[in-house]
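Colleague: Mind looking over this structure? Questions follow.
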């Protein structure tokens, strides 16, 4: 008799008389002939049942009455007989079934199921001297994933509340309060913070005792194995077996009757099957495994009956390949809608949308969006989905070991092509070949783990991507290598799998070959490890391992590559036109062979993972030679950047379940870090020396203009003052003046005393004289620009207190209109869909389920998408303003040759973290405290940017061009031009000058660029603050040459930057001095990095990011050491 009967169909669904493409293991239970009691055909159970224990004082007997509280009625008191005691017995409607039992058949109470004193005794032994939060977290992390999902959190807090008894009844065990970064899960650090709050509330001793009871509960339960099931004392074994069998047949038309009949016969509602294929599966778990095409009405009512019989909705399964799961997590995997809804009534997951996004339950996400935004919005969102959710669930379900079935090649093909129809799945409903399941695992990954070559090839033919990564960064190739399946590795490589791809630990498939069969100590992998790796065997054939390594090894050894590079033959690798960093990574694969030596592997792949110092020293010599080349450009620059990327190496910070032993080295460049730092310092010092000379010339001409006392004098019009006169002038207090000479009228527009012939307000420095401002005067005006000033139009301040705070604090922040409406996961997902940051709800779910993106990152993704919508229009508008100034003044202005891409997510998140550290405590009018927790990305205002290079034969002409261009931008108004300069930052201002350092002028400009029409016809205003960089040509020439060494200095090419320790941290004095030496180039403001690895033109070079720092101080002086 089959315990789990998968009805036959092309993929295992349908009526029993149809041919099956799925094979299912037979029941581990011995065949038993059971007599079925007669059940009334018209019996109906209410949807929710409750229990009422009535003590019969007169007879000293007790009875349990199962009733629906919504249907109970009070009958009138009967007349009293002589000597009788008066009591009230509830009456029941005709639809309510009352089950009364004598004391011998009573269900055990909670105190009988587990003795708290015994649980505390067991828990004390488990806990020992360890801190209780860590031990409790590990016990509650059923999936061993390193964090708690909402269902696991609900189970943990329910049991802790019980362990704390009445003291913990009123304490708010809020998942939202524990989930500090709002990524839909609670990690160890967040749990420790929450545990600290509990200790403050209850005291450390009481919390420790409660944790002991929690840890010892399962051992202290009066639950034992009877034949082939686990059950509590006081229940009938045959009835419990019947209950398990009934729940496993969730497609049966008599499911509800069979469940109630078994419960009437004293079946244990928490019985569990003792079998490795269905390890401790309870009746609730079997019902939760109902397929999405099954009749959910009976499943839901059977769940209600079990819960009424005190089935524990928080009882987890035994250890399985996918971990230990709760019934709700099983239901989320299979997604029978009514069954899932029934379980959600008993498990408080708080925010259902966030829970559903983390579990990839799209229909619940849609239901929540419908409640918030109406039917029209939910229909529009559902129309964005490219695949059938239910077909995708089936594909993933039967590829996984959850149901014990097997996905066949024919079944996979029918689901992928939309040729399968059963129940509510219609023809044309195509499954997503890359639909992620638990932890981002796809159907292809599951069949690869099973070693099923035929189904693997069928999925690959159906366009399943061999490049898809799970939440740990592992690809199907990683799993095939770890489990030593050479034939599957060959199939994946034939379909363009990339063997150079790394997981979050920095390991490729070649570096984890055979990893599943040994532990980190060299012994055989334990049972738990074997189950979690889905290994179908306990050992592998050495010949297969050898074949696997030959398939995965790089084409060239590192010695061959370095020999050819050292003999000036590196052009053979990078000399071809169109070479890129990605192409070199795939071709050379030094990021693997410099940190893995397969020749020393005896027991496991981890033995060969270590930094190969001899090879790294050879790479170091070549790298230092390249970095000290001036100018470093073209193919040489590309090669240097590749070597820097290749020597970053693996990291021990990534959490990867398929990796037995983490990477031990903290700094993979430790052996040559000092030499690399000295080389970078030397080159930066050289470039700074050139910039010092430019600054000195500008300062000298500015002093000449100051001595001349006229704003129209040119450097060449008369004899220059003597050096003594210049020195004396430096000691005089300059005449007070307004930087830029800008003032605003009451409307907030820029204005000056004069007006231009066109009727526009004249530029601030626009003079009546037709003579252009060249030479000394231009240099004086350049050094007089403000170091950093925020100037918000007065009309904005009058209309909004937020802009008043910006002006008063001199801290600029701009939250686009769409972002201010984000307050939850549902609202954030809707905005991401409207901006095109995600294509459908499946991608919204993947952000949480696969990428584990916190709310801060999700909002940043929206900001990047919004910036891409604004980018083209912003740059075109800036070019129009620059062209207008160039035409009128005859300026030599060089715009970027290509469109500058919007800032990438990785760099935006780096700067967002810096902004959070600097601006975190700030409160802003009109913005809620909850919103401010995850919206620090809107302090970053250069996500759209462009730059203009000021040409000229001399520095004085370049300075004049810069001055005129800045004036033109500052003369624009929001009303007339749709533009407004709201912040200016200059590296030429006197208070930030030094004996060396790069300098330019940055303008942060608000631009109104129209609207974007979203998929649901909602118009999203395109209003953004972007950056315009104005650079003198001579500085730009230096910037091109120093770009790569600056990236090394900034730590962008370090896995864990060792030079990024903040002053005042744990670094010693010598490290702090070295840090200051490395940060000598950019004293005044922050700059942005090259947006792409391939870009070598001005469009990329003008945006090198500044070293992280707080807002520049007017008194900051930087000198070169």
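In the UniProt record's numbering, the protein residues as written are 1 to 1121. Backbone N, C-alpha and C define an ideal beta-carbon position, used for all residues, glycine too. Remember, predicted model here, so these are calculated numbers, not experimental data.
Bridge partners for residue 224 per DSSP, in chain order?
Modeller: 231
Colleague: Note the first and the last residue of the continuous beta strand (DSSP E) segment covering residue 1010.
Modeller: First-last of the beta strand (DSSP E) with residue 1010: 1001-1013.
Colleague: Looking only at its own chain, which residues have a Cβ that is under 8 Å from the Cβ of residue 592, when we skip the five neighbours before and after it?
Modeller: 500, 508, 510, 511 and 554
Colleague: Which class does residue 454 belong to by DSSP, given the choice of helix, strand or coil?
Modeller: Reduced to three states, the DSSP call for residue 454 is helix.
Colleague: Use the C-beta contact count for residue 670: other C-beta atoms within 10 angstroms, 16 or more gives buried, fewer gives exposed.
Modeller: exposed
Colleague: Should the segment 852-863 be regarded as contacting the segment 964-976, the criterion being three or more beta carbon pairs within less than 8 Å?
Modeller: no
Colleague: Determine contact between the segment 652-661 and the segment 1003-1023, defined as no fewer than three beta-carbon pairs at a distance below 8 Å.
Modeller: no
Colleague: Which ranges does the beta strand (DSSP E) cover as unbroken runs of at least 3 residues, wholly within the segment 228-288, from first to last along the chain?
Modeller: 229-232
Colleague: Measuring straight from C-alpha to C-alpha, what distance separates residue 161 and residue 168?
Modeller: Straight-line measurement puts the Cα of residue 168 at about 5 Å from the Cα of residue 161.
Colleague: Just mark residue 136 as buried or exposed, buried being the case when its beta carbon has 16 or more other beta carbons within 10 Å.
Modeller: buried
Colleague: Could you tell me which of 824, 488, 385 and 513 sits nearest to residue 842, measuring between CA atoms?
Modeller: Minimum Cα distance to residue 842 is reached at 385.
Colleague: Determine the direct distance from the alpha carbon of residue 588 to that of residue 621, and round the result to whole angstroms.
Modeller: Going by the C-alpha atoms only, they are around 18 Å apart.
Colleague: Indicate the three-state DSSP secondary structure (helix, strand or coil) for residue 561 in the structure shown.
Modeller: helix
Colleague: Below 8 Å between beta carbons: does that hold for residue 916 and residue 936?
Modeller: yes
Colleague: Assign residue 1123 to buried or exposed, taking buried as 16 or more other Cβ atoms, counted over all protein chains shown, within 10 Å of its Cβ.
Modeller: Past the edges of the chain, shown from 1 to 1121, lies residue 1123, and the structure says nothing about it.
Colleague: Let me know the secondary structure DSSP gives residue 320 once reduced to three states.
Modeller: strand
Colleague: Within its chain, find whatever has a CB closer than 8 Å to the CB of residue 376; leave out the 5 residues flanking it on each side and keep chain order.
Modeller: Excluding positions up to five away in sequence, the list reads 1016.
Colleague: Where residue 865 and residue 942 are concerned, what is the direct C-alpha to C-alpha distance, given to the nearest angstrom?
Modeller: It is roughly 14 Å from the alpha-carbon of residue 865 to the alpha-carbon of residue 942.
Colleague: If residue 122 and residue 272 are in contact, beta carbons under 8 Å, what's the gap, nearest whole angstrom?
Modeller: Actually they are not in contact, since the Cβ atoms of residue 122 and residue 272 sit about 19 Å apart, beyond 8 Å.
Colleague: Can you look up residue 442 in the DSSP assignment and give me helix, strand or coil?
Modeller: Secondary structure at residue 442: coil, using DSSP grouped into helix, strand and coil.
Colleague: Evaluate residue 696 with the Cβ neighbour count: other Cβ atoms within 10 Å of its Cβ, from every protein chain shown; 16 or more gives buried, anything less gives exposed.
Modeller: exposed
Colleague: To the nearest angstrom, how far is it from the Cα of residue 783 to the Cα of residue 560?
Modeller: The alpha-carbon atoms of residue 783 and residue 560 are separated by roughly 54 Å.
Colleague: Can you tell me whether residue 683 is buried or exposed, with buried defined as 16 or more other CB within 10 angstroms of its CB?
Modeller: buried
Colleague: Give me whichever residues DSSP pairs with residue 789 in a beta bridge.
Modeller: 984
Colleague: Which residue spans inside the segment 313-362 form an unbroken alpha helix (DSSP H) run of at least 4?
Modeller: DSSP runs (the alpha helix (DSSP H)) wholly in the segment 313-362: 327-334, 337-344 and 352-359.
Colleague: Out of 549, 214, 623 and 361, state which residue places its alpha-carbon closest to the alpha-carbon of residue 566.
Modeller: Selected option, being the one with the closest Cα: 623.
Colleague: Between the C-alpha atoms of residue 482 and residue 303, what's the straight-line distance to the nearest angstrom?
Modeller: 40 Å
Colleague: Can you have a look at residue 245 and say buried or exposed, based on whether 16 or more other CB atoms are within 10 angstroms of its CB?
Modeller: A residue is called buried when at least 16 other Cβ atoms come within 10 angstroms of its Cβ; residue 245 meets this threshold and is buried.
Colleague: Candidates 869, 506, 487 and 652: which alpha carbon is nearest residue 645's?
Modeller: 506
Colleague: Taking DSSP's pairing of strands, which residues face residue 425 in a bridge?
Modeller: 422
Colleague: Just the C-alpha distance for residue 286 and residue 326, rounded to the nearest angstrom, thanks.
Modeller: 11 Å
Colleague: Taking residue 129 as the reference, give the member of 405, 171 and 211 with the closest Cα.
Modeller: 211
Colleague: Bridge partners of residue 1025, per DSSP?
Modeller: According to DSSP, residue 1025 bridges with 1006.
Colleague: Note down the Cα distance separating residue 179 from residue 316, rounded to an integer number of angstroms.
Modeller: 22 Å
Colleague: Assuming residue 258 and residue 251 form a contact by the criterion Cβ under 8 Å, report the distance between their Cβ atoms to the nearest whole angstrom.
Modeller: In fact, because the Cβ distance is near 12 Å, the residues do not count as touching under 8 Å.
Colleague: Expressed to the nearest angstrom, what Euclidean distance is found between the alpha-carbon atoms of residue 889 and residue 870?
Modeller: 29 Å
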